[in-house]
Each structure stands twice: as structure tokens, then as C-alpha cells.
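In the numbering used here, the protein residues as written are -4 to 594.
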């Protein structure tokens, strides 16, 4: 029965199918397509199968659309690394575009997520490092998110204020500090009279910036302080500078084209300028002690002045009468030993009788040119941070051109080492800081008593000077000098095997000196009981402080305190009113001066 019904249904539908095709064929010759198909497979059967498949697919689509996908409920909990729950944290669910805030228990209440979905999130809270990550919604659970605390504690930054040529600023300076992050520096504002300030910086500061104001100097704003000890240089206002005019003459006639260098008493060469058609080179310099020196040319020798002091607004003119002398043009070429490569930016020095005549850096061709003004024996040396120092001693017997080549060996770390010199106070046994140390060839060497080709070094705060890339297997001795005091080491052979523990020891006998301060007001009257603070000009460290006597006088040595004549010092004087009858004075800081040995 059922089979007959289905057969009748099939044939009935087939008849209607062909009836529809007959109507279509009147307009469109569709049988040209249908007849070839019918000869192989009944086309109605194919159409029927396609209709059944479409109905099945559509039904499945509707079925799955109306049935809800499985979800899981997840509660988000935010806590610290130590397990403390964090309230008020911002929790952003990125793909959902929703942001929540954790409650007092550090929780975002349960949220429904499609099962196995990857949930991206961003969690932030002041005092903690922002966390960006994701989790998988694989089952109902409490999803814990752990935040890391921002680093606790603080560090310090020290700011050193110096003028345009690198001398410490001892005027009253006003500084203010700020952080780019959430923390605040301590102090936020301060003043200093010794050119140095130390700031406590929280780890949450971000970048520390400073504003600096000093009377007589151009202010600086938003200076980023990124180093543990950072120097800030301030430019003087025009009114604070002295004019130093060098006039170069030969037989009373001006000499143009001469290079004049200006040297500061403790800092060395500061600047150089070339004389104009009137033989004049002019410098604008802050208050200090200087001297001038010309650089020798092929025609004229070098000349220097005595030291002189400057004051703000002052004009000082110095005349340098140069002389014509022997003319020698020296060319020094510096090349690498193995490849013959020309070495650029090597420092080449020329010495005669252990005195430095001149020094220059090699150009792009590895060449340095010098004008010399006397015959005799010279020693040339070349130094570069990637090579061992090379040197040669030779005689110049006549005027003209001389060419020399220095061949440098590559520094490998195994063919040289740092030689250390320790300079000690013979009386106290303590290290002597800021002593100048020179290295000489020692006993038994061919050049015994002559300077080795290594630049002079300054001792550090522990009294140690370090000479890099020193060749081993040679006897050396050291000579140290500071403010008139000096000393030498014994001669010792430098060996790479004990380079780490090798020292040349210099014992320096440093005489005692006197520091005397007279404090008076603008009318010349003594200011009693003013506070006197003495600073070492080398590093601005405080030596000590005391009160002046009733006559406004302070003197070292006193009681168990003494002054060593091995340094330059400056003094800050302060006197504040403590009672209604007293005067209030502005603080005053002197320029640096050397402590002279007692007679």
C-alpha cells in the first residue's frame, strides 16, 4: 500500500514537473537541456534529490541557530603576589568591550562566557604593574589574576652644578624637581651654596627632571637626571664674564693666524682662538686664574704668559712677543701592525727633554702634523683605545721636513694590562686623591728616567691612579705630585701574571698649611661667630666647619685639626640673626684657592 502511494506520488509530481517544463519551453527552449539528461537519468529525480538536500541543510541550520551554545560562568579575582585581594582594580575584557572594577574582596562577579573561548584582558591598579594577558573559558571557575607590585623603595641622584668651563658653582642655587611617574622626589625644592645636591627618588618616579636657577647664570629647565652623579653646566650671563685679550706681536708688529690657547689654573686648556689681522685673539671667561700660550708654527715659536686672575666685567690684555726660530715640519703617520691600516683619531704626542711640546689627533689618513722650533732629540708616541701605545725616539739635526711612522699593535687583553699606582700620605697612611701621577721607565731600562708614553692620570678618592694598556716585561716607576708635594715609587717590573695585585706605591710627604678666614661686613666691621664651612675644590666635599671668633677670624690648624697643603679649597660664610638685636647677613662663598705650606 505504502509503495503504491509513494509510486503514485512520485509519478504525480513528475507529471506536474513536465507540465511546468512545457510552459517554460514555449518561451525558452528548455528541453534542449533536459532531453539529453533524461536519456541518461530522469531529470526529475535529480531535481528532487537537490530539493531534499536543501531542505535538510536548511533544517539543520535553523535547528543549530535556535539551540543555545554552551557557556561557563567565571568569577574573576585580582590579587597581589603575596595573596592580598586587590579592590578597585580596573578589569577590561577586551573582546567584549566591557570594563569592570573589583569589589572590596578583589572580585568581579560571575560572568558568562562561551565555553572554550579565549578571553583577553587588561588589569591595572595604581601601585601595581599593568597586566595584559588572556585565559581560556574551559569550565566554570574562579579565574585568579595576579598583579606585581611596582618596585618599592628609592634611590638617590646627585647633581653637580658647574660653570661654562667646568668649575663648581658656589653661588646660591635654587633647584626644583619633578617626576614623570606617580612618585615625588625628596626634596621637591631646595637651595645649595656648594654646587651639589642629592635627591631621594622613589622607584615610581619615572624620569626625574630638574629646573635650576642661579643668579648670574642662564636658568635651565626640565633637565632629565638619568645618571647617579650628573653634571649640569650653566652658562654665565654676559655681565659675569671677563674679557681676556691676547695680543701676539713679532718685533712690535701684529702677527695674524697664530693659535692662542687659554689655560685655567686647575683645569688645563679651556679654549683656543686664532689671532685676527691685528694679532688679537679674544676670550670671554668666568672669574678664575688663567694663563695664555701660543701654538708654534712653521715660522714662529711658542710663547706663554704668567698666570693672572679675572673678575666679572673686567678686560685684561696680555701681550705675547713671539720669536722666529728653527723651522721643522714633522709628519707622524700611525698605522696598524698586521694590516698596515691607517689609524684615525690616535692621540700623538711630541716630547723633548721630558717636556710635552704638542699633541694632536690623527686625521682620516692616520696623519698628524707638527711645527717644531729647535733641533735635538725628540720622542713621539701614539695612543688609541684599541691599540698598545707606540713610541719612537730620534734626533733632528737640521731644518726642513721630517716624516715618521708609528706602528701600533692591536690590544687583545692578553698583551697588556692596567698598571695601578697607589699614592699615600706618608704621615697618615691615607690615600691622596687628585694627585697627578706620571709613569717613567725604571732602573735598567734603556730609557731609564724618561717618561713612559702613557698619559698622566689623576688618583681617585682612594688615592689610586690607573694606567690602561701598559706593556708588560718592563721596569717602571711612578712619580706623583699634588700642590707642591711629591713622591716617587721604587722601580718594579710589571708582569701580566700578577697585574691584578700589582701596585707601584708612592709615599708623599705633604706639608701642613694654614687656612685663615677674616669675616667682615660692607663697612669693614668684624662679623663675630659667623659659620665657616671649608670645601675641597676637587670634588666639593666638605672638609669641616666651625664658628669664627669674636673678631670674625677663623684659623686652621686649631686644636686637633690641621690643614694639609695639597689641595685648593673654597669657603662658605653664613651668619643668621638668632635674636632681635642681631643682624642677618647673606651667605657668601669664596673662589677656590690653594692651601700654601707653612714656612
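Every residue, glycine too, gets a C-beta built ideally from N, C-alpha and C.
| query | result |
| --- | --- |
| According to DSSP, residue 208 sits in a beta bridge with which residue or residues? | 169 |
| In angstroms with no decimal places, state the Cα-to-Cα distance between residue 392 and residue 344. | 20 Å |
| Near residue 272, which residues of its chain fall below 6 Å by C-beta distance, leaving aside the five closest residues on each side in sequence? | 251 |
| Going by DSSP, what residue range makes up the beta strand (DSSP E) through residue 395? | 395 to 403 |
| In or out: residue 448 buried (at least 16 other Cβ within 10 Å) or exposed? | buried |
| In this structure, does DSSP put residue 391 in helix, strand or coil? | strand |
| According to DSSP, is residue 451 part of a helix, a strand, or is it coil? | coil |
| For residue 262, count neighbouring Cβ atoms within 10 angstroms of its own Cβ and tell me buried if that reaches 16, exposed if not. | exposed |
| Quick check: what's the CA-CA separation for residue 467 versus residue 491? | 6 Å |
| If the criterion is Cβ atoms closer than 8 Å, does the pair residue 446 and residue 346 meet it? | yes |
| Would you tell me roughly how many angstroms separate the C-alpha atoms of residue 212 and residue 229, rounded to the nearest one? | 6 Å |
| According to DSSP, residue 260 sits in a beta bridge with which residue or residues? | Bridge partners of residue 260: none, in fact. |
| Does residue 135 come within less than 8 Å of chain C when only Cβ atoms are used? | Looking at the structure shown, chain C is missing, and only one protein chain is on hand. |
| Between residue 294 and residue 253, what straight-line distance do the alpha-carbon atoms span, to the nearest angstrom? | 10 Å |
| The beta strand (DSSP E) that contains residue 599, what's its start and end? | This structure cannot speak to residue 599, because the chain is shown only from -4 to 594. |
| Distance check for residue 100 and residue 158, CA to CA, integer angstroms please. | 57 Å |
| By DSSP's criteria, residue 503 is part of a beta bridge. Which residues make up the other side? | 420 |
| Quick one, are the C-beta atoms of residue 205 and residue 258 less than 8 Å apart? | no |
| By the three-class DSSP mapping on this structure, what secondary structure does residue 52 have? | helix |
| Relative to the C-alpha of residue 161, which candidate in 104, 168 and 231 has its C-alpha closest? | 231 |
| Check the C-beta distance from residue 589 over to residue 569 and give it rounded, since I have them as a contact under 8 Å. | With a Cβ gap of about 23 Å, residue 589 and residue 569 do not count as contacting. |
| What's the C-alpha gap between residue 290 and residue 302? | 17 Å |
| Residues in the same chain with beta-carbon distance under 6 Å from residue 366, minus the five sequence neighbours each way, listed in chain order, please. | 291, 292 and 293 |
| Could you please give the first and the last residue of the uninterrupted beta strand (DSSP E) stretch that includes residue 232? | From DSSP, residue 232 is part of no beta strand (DSSP E); its letter is neither H nor E. |
| Using the beta-carbon count (16 or more within 10 Å), is residue 535 buried or exposed? | buried |
| Hey, how far is the Cα of residue 311 from the Cα of residue 249? | 18 Å |
| Which same chain residues, not among the five before or five after residue 184, have their C-beta less than 6 Å away from its C-beta? | 171 |
| How do the region 571 to 584 and the region 481 to 496 stand: do at least 3 beta-carbon pairs fall below 8 Å, yes or no? | no |
| Which residues mark the beginning and the end of the beta strand (DSSP E) in which residue 556 is found? | Per DSSP, residue 556 belongs to no beta strand (DSSP E) and is neither H nor E. |
| Among the residues of its own chain, which have a CB less than 6 Å from the CB of residue 559, if the five just before and after it don't count? | 505 |
| Just checking, does the region 108 to 121 make contact with the region 81 to 88 on the three C-beta pairs under 8 Å criterion? | yes |
| Do you know how far the Cα of residue 152 is from the Cα of residue 357? | 38 Å |
| Would you mind listing the beta strand (DSSP E) stretches within the region 451 to 535 that are 3+ residues and don't spill past its ends, in chain order? | 459 to 465, 469 to 477, 480 to 483, 487 to 489, 498 to 503, 510 to 513 and 526 to 531 |
| Counting only the same chain and skipping the five closest in sequence on each side, list residues whose C-beta sits under 6 Å from that of residue 298. | 289, 315 and 317 |
| Do you know offhand how far residue 363's Cα is from residue 385's? | 14 Å |
| Compare the beta carbon distance of residue 198 and residue 149 with 8 Å and say whether it is the shorter of the two. | yes |
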